[in-house]
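Residue numbers (numbering that gives the first Met the number 0): 0 to 422. Notes to accompany the following structure.
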Amino acid sequence: MKNLPFTKDQVETWVKEIPTPFYVYDEQGIADTAKDLQQAFAWNPGFREYFAVKATPTPAVLRLLESLGCGADCASIAEIELARCSGITGKRIMFSSNETSAAEYRSAYAAGAIINLDDLTQIENMEEALGCIPDTICVRYNPGQFGTSNEIIGHLYDSKFGMTHDQLIEAISVLRDKGVKKFGIHAMLSSCSLNEDYYPSLAKELFTLAQEIRTATGVCLSFIDLSGGIGIPYKPEEKKVDIIRVGAQVKEVYDNIFTDDALRPSLRTELGRFMTGPHGYLVTRVIGKKHIYKEYIGVDATASCLMRPALYGAYHHITAVGKEKEEPTGIFDVVGSLCENNDKFAIDRPLPSLEKGDVLVIHDAGAHGHSMGYTYNGKLRPAEYMMKPDGSLQMIRRSQSLDDYFATLDCDETFTQVWRNHD
Ligand SMILES: *Cc1c(COP(=O)(O)O)cnc(C)c1O
Numbered sequence: 000m001k002n003l004p005f006t007k008d009q010v011e012t013w014v015k016e017i018p019t020p021f022y023v024y025d026e027q028g029i030a031d032t033a034k035d036l037q038q039a040f041a042w043n044p045g046f047r048e049y050f051a052v053k054a055t056p057t058p059a060v061l062r063l064l065e066s067l068g069c070g071a072d073c074a075s076i077a078e079i080e081l082a083r084c085s086g087i088t089g090k091r092i093m094f095s096s097n098e099t100s101a102a103e104y105r106s107a108y109a110a111g112a113i114i115n116l117d118d119l120t121q122i123e124n125m126e127e128a129l130g131c132i133p134d135t136i137c138v139r140y141n142p143g144q145f146g147t148s149n150e151i152i153g154h155l156y157d158s159k160f161g162m163t164h165d166q167l168i169e170a171i172s173v174l175r176d177k178g179v180k181k182f183g184i185h186a187m188l189s190s191c192s193l194n195e196d197y198y199p200s201l202a203k204e205l206f207t208l209a210q211e212i213r214t215a216t217g218v219c220l221s222f223i224d225l226s227g228g229i230g231i232p233y234k235p236e237e238k239k240v241d242i243i244r245v246g247a248q249v250k251e252v253y254d255n256i257f258t259d260d261a262l263r264p265s266l267r268t269e270l271g272r273f274m275t276g277p278h279g280y281l282v283t284r285v286i287g288k289k290h291i292y293k294e295y296i297g298v299d300a301t302a303s304c305l306m307r308p309a310l311y312g313a314y315h316h317i318t319a320v321g322k323e324k325e326e327p328t329g330i331f332d333v334v335g336s337l338c339e340n341n342d343k344f345a346i347d348r349p350l351p352s353l354e355k356g357d358v359l360v361i362h363d364a365g366a367h368g369h370s371m372g373y374t375y376n377g378k379l380r381p382a383e384y385m386m387k388p389d390g391s392l393q394m395i396r397r398s399q400s401l402d403d404y405f406a407t408l409d410c411d412e413t414f415t416q417v418w419r420n421h422d
């Protein structure tokens, strides 16, 4: 069983006023997670979390994290602007993109962001775009192979990100000769890892590399970025990563490798999912029940609101509000209305007996949920609400309207007139 941070009565009040589907984020939950992370790395002077904006690109969330000391990890001009306008500026923005356009380099540089270079060839592209070389640069590493002491996370030969060991050393030499003063290194070698050994193993890999860089180039790194990738327990039987323990284990690796006081780089993280994932919920309503060869529960949300199950078969827990304690009465597919058979929030899920109008809460939708949304089949994007610590809801993004949907069309007079006179 997975608990909700709000009661049945609260949800019932909300759905009287607010059309489903909609998203709710738990402000207290996000703040508590941010504080836990900071406590876990408080031993490292200069530690900062650069929240991966793509997880939840909503200013209310960014402002909340900014107020708690976080920076932002961005990968597009829109994400840079979202961060900047939410009060996250200058070197508190990390620009980690790949196949970066000249316009994106210019936007990142103008914002004063730290550019995280994905490839050796990007040095030339960046210099061409900017007409100069920034004084601080991060370079992204892909070791090709990576394993933790518990498990092999996988080989990274197929991963498009980052540079090889030798390319990374070369990039740092070239950039040093071009006048870069401060360097960092970055690697993201896993995604949604619940293995508490992931960060410590990654830290060992990067800290060792830092020493090799020093030997090969004379460059002492200013910072090391452990990036994102820490998972969350989507399934009720999975266990939450103990971030305090992870921080202590990274400290052990750090103290073993950086014995020289002169070389004690600050650490960064770029967690997205871990920060907001568990604190977002998609609220939807049962609008139909169908029995053919299987049992279906139809809801008013579709994969266009939350794509993860359709995209990679991801599990999202579902609570039937007010029926939490009821025994399952059958096995159901919970489906949306898209003309795509992968539009299913759950497949073969045991659920209690549901009726039209019942409210379902889909858990762990706070990261890569609304942000991955789209408008296929003309489905409009849902609203987002922040639940304040006093339990009240604040709208932080309204739902999309048909006017919004039509706004980018080249509509002729006739279309516009017919549309305007519609009601
Ligand atoms: C997606 C991404 C992250 C965040 O990943 P999570 O799995 O949400 O923690 C961090 N850094 C970079 C460069 C990313 O692309």
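Glycine included, C-beta positions come from ideal geometry on N, C-alpha and C. What you are looking at is a predicted structure, and each value in this text was computed from that prediction instead of being measured.
Excluding five sequence neighbours on each side, which residues of the same chain lie with their C-beta closer than 8 Å to the C-beta of Met371?
By 1-based counting over the sequence shown, the position of residue 371 is 372. Hits under 8 Å: Leu305, Met306, Arg307 and Leu310.
Let me make sure I understand the geometry here. Which of Ala382, Glu211 and Lys234 has the alpha-carbon closest to that of His316?
By one-based count along the sequence shown, residue 316 stands at place 317. Closest by alpha carbon: Lys234.
Would you kindly check if the distance between the Cβ of Asn141 and the Cβ of Thr163 is under 9 Å?
Locating residue 163 in the sequence shown gives position 164, where the first residue counts as 1. Locating residue 141 in the sequence shown gives position 142, where the first residue counts as 1. Their beta carbons are under 9 Å apart, which means Thr163 touches Asn141 by this criterion.
Would Ile296 and Leu337 qualify as a contact pair, given that the criterion is a beta-carbon distance under 9 Å?
Position 297 of the sequence shown holds residue 296. Position 338 of the sequence shown holds residue 337. Not a contact, by the Cβ cut-off of 9 Å.
Measuring alpha carbon to alpha carbon, tell me which residue in Ser75, Ser190 and Lys177 is nearest Leu155.
Within the sequence shown, numbered from 1, the residue matching residue 155 stands at position 156. Selected option, being the one with the closest Cα: Ser190.
Is Arg272 near ligand 1, with its Cβ less than 8 Å from a heavy atom?
Walking along the sequence shown from the start, residue 272 turns up at place 273. Yes - ligand 1 has a heavy atom lying nearer than 8 Å to the Cβ of Arg272.
Output needed for Ile168: all residues of its chain with C-beta closer than 6 Å, excluding positions within five of it in sequence on either side, in chain order.
Your numbering for residue 168 matches position 169 in the sequence shown. Once the five neighbours on either side are set aside, the close Cβ partners of Ile168 are Ala215.
Excluding the 5 residues preceding and the 5 following Ile151 in the sequence, name in chain order all residues of the same chain whose CB lies nearer than 7 Å to its CB.
Position 152 of the sequence shown holds residue 151. Because the pLDDT of Ile151 is 48, which lies under 50, any placement of that residue in the model is unreliable, and the number read from its coordinates should be weighed accordingly. Result list for Ile151: empty, nothing under 7 Å.
Nearest-angstrom Cα distance between Met125 and Ala101?
On the sequence shown, residue 125 is found 126 positions in, with the first residue counted as 1. On the sequence shown, residue 101 is found 102 positions in, with the first residue counted as 1. About 7 Å.
Measuring CB to CB, does Arg272 end up less than 9 Å from Ala54?
On the sequence shown, residue 272 is found 273 positions in, with the first residue counted as 1. On the sequence shown, residue 54 is found 55 positions in, with the first residue counted as 1. The answer is yes: Cβ separation under 9 Å.
Please tell me whether, using a cut-off of 8 Å, the distance from the CB of Thr100 to the nearest non-hydrogen atom of ligand 1 is below it.
As a first step, residue 100 is located in the sequence shown; it is residue number 101 there, counting from the start. Strictly speaking, residue 100 in this sequence is Ser, with Thr absent from that position. False, no ligand heavy atom lies under 8 Å from that Cβ.
Between Ser398 and the rest of its own chain, which residues show a CB-CB distance below 8 Å, the 5 nearest in sequence each way excluded?
Counting from 1 along the sequence shown, the entry for residue 398 is found at position 399. If we look at Ser398 and ignore the five residues flanking it on each side, its Cβ neighbours are Pro18, Phe21, Leu379, Arg380, Pro381 and Ala382.
Alpha carbon to alpha carbon, what distance is there between Cys410 and Val417?
For the purposes of this step, residue 417 is taken as residue 418 along the sequence shown, with counting starting at 1. For the purposes of this step, residue 410 is taken as residue 411 along the sequence shown, with counting starting at 1. Roughly 11 Å separates the two Cα atoms.
By the 10 Å Cβ neighbour count, where 16 or more other Cβ atoms means buried, how is Asn340 classified, buried or exposed?
Walking along the sequence shown from the start, residue 340 turns up at place 341. Under this definition Asn340 is an exposed residue.
Please work out which residues of its chain come closer than 6 Å, Cβ to Cβ, to Thr6, disregarding the five sequence neighbours upstream and downstream, and give them in chain order.
On the sequence shown, residue 6 is found 7 positions in, with the first residue counted as 1. So no residue of the chain qualifies.
Of the choices Thr407, Met394, Ser200 and Val52, whose alpha-carbon is the least far from that of Val245?
Residue mapping note: residue 245 aligns to position 246 of the sequence shown, counting from 1. Checking every option, the nearest Cα to that of Val245 belongs to Ser200.
Assign Ser85 to buried or exposed, taking buried as 16 or more other Cβ atoms, counted over all protein chains shown, within 10 Å of its Cβ.
In the sequence shown, the residue the question calls residue 85 occupies position 86. It counts as buried.
Within its chain, find whatever has a CB closer than 6 Å to the CB of Phe257; leave out the 5 residues flanking it on each side and keep chain order.
Taking the sequence shown and counting its residues from 1, one reaches residue 257 at position 258. If we look at Phe257 and ignore the five residues flanking it on each side, its Cβ neighbours are Arg263.
Return yes when the C-beta of Glu269 is under 8 Å from any heavy atom of ligand 1, and no when it is not.
Taking the first residue of the sequence shown as position 1, residue 269 is located at position 270. It does: the Cβ of Glu269 is within 8 Å (strictly closer) of some heavy atom of ligand 1.
Quick check: what's the CA-CA separation for Asn149 versus Ala77?
Looking up residue 149 in the sequence shown gives position 150. Looking up residue 77 in the sequence shown gives position 78. Interpretation of Asn149 is limited by its pLDDT of 49, a score under 50 that renders its predicted location unreliable; the figure taken from the coordinates is listed afterwards. Distance between the alpha carbons of Asn149 and Ala77: 39 Å.
Quick one: any contact between the stretch 353 to 364 and the stretch 272 to 288, if contact means 3 or more CB pairs under 8 Å?
Judged by Cβ distances under 8 Å, the stretch 353 to 364 makes contact with the stretch 272 to 288, as three or more pairs qualify.
Kindly provide the ranges of any beta strand (DSSP E) runs that are 3 or more residues long and lie completely inside the stretch 158 to 187, ordered along the chain.
Qualifying beta strand (DSSP E) stretches, in chain order: 181 to 185.
For a minimum of 3 consecutive residues, which ranges assigned as the beta strand (DSSP E) are wholly contained in the stretch 232 to 287?
List check, beta strand (DSSP E) in window: 265 to 268.
Can you tell me whether Leu248 is buried or exposed, with buried defined as 16 or more other CB within 10 angstroms of its CB?
Position 249 of the sequence shown, counted from the start, is the residue given in the question as residue 248. Reading off the sequence shown, one finds Gln at residue 248, where the question assumed Leu. Result: buried.
Ligand 1 and Ile229: does the residue's C-beta get closer than 8 Å to at least one heavy atom of that ligand?
As a working mapping, residue 229 is identified with position 230 in the sequence shown. Checking the Cβ of Ile229 against ligand 1 gives yes.
Determine which residues share a DSSP beta bridge with Asn115 and list them.
Within the sequence shown, numbered from 1, the residue matching residue 115 stands at position 116. DSSP lists Ser95 and Cys137 as partners of Asn115.
Are Ala319 and Glu325 closer than 9 Å when you measure CB to CB?
Counted from its first residue, the sequence shown places residue 319 at position 320. Counted from its first residue, the sequence shown places residue 325 at position 326. Yes; because the gap between Cβ atoms is below 9 Å, this pair is in contact.
Looking only at its own chain, which residues have a Cβ that is under 6 Å from the Cβ of Asp117, when we skip the five neighbours before and after it?
As a first step, residue 117 is located in the sequence shown; it is residue number 118 there, counting from the start. So the qualifying residues of the chain are Asn97 and Arg139.
Rounded to the nearest angstrom, how far is the Cβ of Ser192 from that of Ile231, given a contact under 8 Å?
For the purposes of this step, residue 192 is taken as residue 193 along the sequence shown, with counting starting at 1. For the purposes of this step, residue 231 is taken as residue 232 along the sequence shown, with counting starting at 1. Between Ile231 and Ser192 the Cβ distance is about 10 Å, and since that is not below 8 Å, they are no contact.
Taking only three categories from DSSP, how would you classify Ile291?
Along the sequence shown, read from residue 1 onward, the residue named residue 291 stands at position 292. Looking at Ile291 - three-state DSSP - the assignment turns out to be coil, as it is neither helix nor strand.
In terms of residue numbering, what span does the alpha helix (DSSP H) encompassing Ala313 cover?
The residue given as residue 313 occupies position 314 in the sequence shown. Element bounds for Ala313: n/a, residue is neither H nor E.
Quick check: the Cα distance between Trp42 and Lys238, rounded to an integer number of angstroms?
Translated into positions along the sequence shown, residue 42 becomes position 43. Translated into positions along the sequence shown, residue 238 becomes position 239. Computed Cα separation, rounded: 25 Å.
What did DSSP end up calling Pro4 once you bin it into helix, strand or coil?
Position 5 of the sequence shown, counted from the start, is the residue given in the question as residue 4. Note: Pro4 maps to coil in three-state DSSP.
In this structure, does DSSP put Ser192 in helix, strand or coil?
Here residue 192 refers to the residue found at position 193 of the sequence shown. Residue state, collapsed to three classes: strand.
Three-state secondary structure (DSSP) at Tyr104?
Walking along the sequence shown from the start, residue 104 turns up at place 105. DSSP places Tyr104 in helix when its eight states are reduced to three.
Taking a contact to mean a Cβ-Cβ separation below 9 Å, would you say Val179 touches Asp134 in this structure?
Here residue 179 refers to the residue found at position 180 when the sequence shown is read from its first residue. Here residue 134 refers to the residue found at position 135 when the sequence shown is read from its first residue. Yes, the Cβ-Cβ distance between Val179 and Asp134 is below 9 Å.
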